[in-house]
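Counting from 33, one number per residue, gives the positions in the sequence shown under our numbering. Even glycine gets a Cβ: it sits at the ideal position worked out from N, Cα and C. Keep in mind that this is a model prediction, so the values were computed, not measured. Below is one structure; the comments refer to it alone.
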Amino acid sequence: MNLIVVLDDRNGMLFNHRRQSRDRVLTDRILEISGGKLTVDSYTAELFDKTSADLQICANPLLTAKQGDWCFLETLSPAPVVQKIEKLVVYRWNRIYPSDLKFDLDLSVMKQISTTDFAGFSHEKITEEVYLP
């Protein structure tokens with residue numbers, strides 16, 4: 033499974049059970065790298081135009097995603113399925129937001145293969161980090 037997450041500078045994912053922020057340029061980029069095919073939960077599906085994305089919507093995308101699938105995760109901890117991760121793409125807002133759900137994987141044990149900064153719509157700078165196990 034190829035996993036995509038969006039984090040703030042303290043690895044926050046959610047605040048009060050809501051995404052911290054959204055950005056339409058980032059959403060387009062996620063569709064680009066995934067080829068438009070994503071495994072997501074119903075909350076994350078709201079981000080995407082159903083006519084431009086092939087979404088597999090399920091209660092727990094981490095359990096549903098198979099080898100080679102792209103999974104965009106906002107509401108669950110990836111730790112229980114760390115062994116399934118083939119590639120991890122982290123998008124960072126380069127800001128600190130309040131959060132009550134934190135990303136709980138140790139990135140220092142993974143190999144970072146690239147980092148790219150780009151301008152978003154609502155964020156001046158979004159950083160894309162790509163990791164391999």
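- By the Cβ rule, the stretch 87-94 does not count as touching the stretch 127-141, because fewer than three pairs are nearer than 8 Å.
- Residue pairing from DSSP places S146 in a beta bridge opposite V162.
- Three or more Cβ pairs drawn from the stretch 47-57 and the stretch 140-153 lie within less than 8 Å of each other, which places the two stretches in contact.
- In the DSSP assignment, D86 falls within the unbroken beta strand (DSSP E) covering 86-89.
- In the structure shown, the three-state DSSP call for K69 is strand.
- In this structure, E118 is the residue among E118, T96, H49, T107 with its C-alpha nearest to the C-alpha of M142.
- If you draw a straight line from the Cα of T148 to the Cα of I36, it comes to about 15 Å.
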